[in-house]
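Below is one structure, written out as structure tokens; comments come after it.
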Amino acid sequence: MTFAPLEQPLKWSAFVLGFCSTICVVQGWQLAAMIFSLPFCLIWIYCGWLRNEPQLKYLNVMFSALYIYGIARYFIVT
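Using my numbering, read the sequence shown as starting at 1297 and increasing by one per residue.
Listed below in structure tokens is the structure:
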């Protein structure tokens, strides 16, 4: 695959995004947690497809859809 050399830097980026998301959850910043978590899930969707890991791929597709819904709902409600 063309983007296979980018897998490790993407995983480190996902680590940073996950760390930031965790801090947001602890601080109670719901919108920021969803905004950091969405690209985290998108990176893992890509990495799941890269290695043909269907459980990882579909779980993160589901979470991405929930984060998109949550972000949209936040802006619609407020």
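For each residue, glycine too, the CB sits at the ideal point set by N, CA and C.
Put residue i into one of helix, strand or coil per three-state DSSP.
| i | result |
| --- | --- |
| N1356 | helix |
| T1374 | coil |
| E1303 | helix |
| G1324 | coil |
| R1347 | coil |
Just how far apart, CA to CA, sit residue i and residue j?
| i | j | result |
| --- | --- | --- |
| L1338 | Q1323 | 23 Å |
| L1352 | I1341 | 7 Å |
| M1358 | F1311 | 19 Å |
| I1319 | G1366 | 18 Å |
In chain order, what residues of the same chain have a beta carbon less than 7 Å from the beta carbon of residue i, not counting five sequence neighbours either side?
| i | result |
| --- | --- |
| S1309 | I1339 |
| S1333 | S1317, Y1363 |
| L1313 | F1332, P1335, F1336 |
Ignore the nearest five residues each way along the sequence and tell me which others in residue i's own chain have a CB closer than 6 Å to its CB.
| i | result |
| --- | --- |
| Y1370 | L1327 |
Between the Cα of residue i and those of the options, spot the shortest distance and give me the residue it belongs to.
| i | options | result |
| --- | --- | --- |
| I1331 | V1357, A1368, Q1304, G1344 | A1368 |
| E1303 | A1361, C1343, I1372 | C1343 |
Ordered along the chain, which non-local residues of its own chain (more than five positions away) have a Cβ less than 8 Å from that of residue i?
| i | result |
| --- | --- |
| V1321 | A1329 |
| P1350 | G1344 |
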